[in-house]
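A.B. asks: Numbering (the working numbering), first residue to last: 1 to 175.
Quick reminder that beta carbons are idealized off the backbone N, C-alpha and C, glycines included.
Since the structure is predicted, the reported quantities are computational estimates derived from the model, not experimental observations.
Please see the structure below; I have some questions.
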Amino acid sequence: MGYAAARVLEALLESLLALRFLEEGYTRNAAGKAFQAWRALTGALLVICQGKIKERLSKKDQEKWLVEKAVPRIPSTRLKPLSQLLEETCIPYYSSLTDKALSLHDYQYHGPDPDLELSKYASRSEAAYDIGVLVAELAKIIESNVKPVLQRSSKWTREHEEALAKLKESIGARR
């Protein structure tokens, strides 16, 4: 659970940076931080839900790949199937939120696109809205699904608690 705790703290801190960048008008940088936060949360959840996920895998090589490659690296190209595994085992609606994270990842590189050819966002304000939604959902998942598990294993620290409180405060100030 130490790895999960580290990735959760990373997710919280990256989310705080995403909101700070949004406040300062750096929407593309905020999108990148929101995506990194989502990847970190995905890594933590893969560890926390590993037992249930392994039950769904049909081959030993899939299990080996999960443990040796997916969990430590969270490859962006495999984020969608990994999120589907999480949705099937632990977290409802995780895939649709991952789609939002991947769209923000595209936006980070391509920026706003009024013709919607390279990005799913025609404007900065549309991306900013989705960043806020993704970060708020991340905070809910951490508080309801991750925090209790880490508390039971004594891996939830004061630093986690302070970062979560600050994130929730920042989210509330945006509304």
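(1) Candidates 163, 172, 51: which alpha carbon is nearest residue 14's?
(2) By Cβ distance below 8 Å, which residues in the same chain neighbour residue 57 in space, the five residues on each side in sequence not counted?
(3) Once DSSP output is grouped into helix, strand and coil, what is the label at residue 83?
(4) Which same chain residues, not among the five before or five after residue 160, have their C-beta less than 8 Å away from its C-beta?
(5) Using 8 Å as the threshold, is the C-beta distance between residue 135 and residue 37 below it?
(6) Buried or exposed for residue 93, please, with buried defined as at least 16 other CB atoms from any protein chain shown within 10 angstroms of its CB.
(7) Can you tell which of 72, 80, 2, 165 has its C-alpha closest to the C-alpha of residue 105?
C.D. replies: The relevant details are as follows:
(1) With distances taken between Cα atoms, residue 14 lies closest to 163.
(2) 63, 66
(3) helix
(4) So the list reads 5, 8, 9, 12, 147, 150, once near-sequence residues are dropped.
(5) yes
(6) exposed
(7) 80
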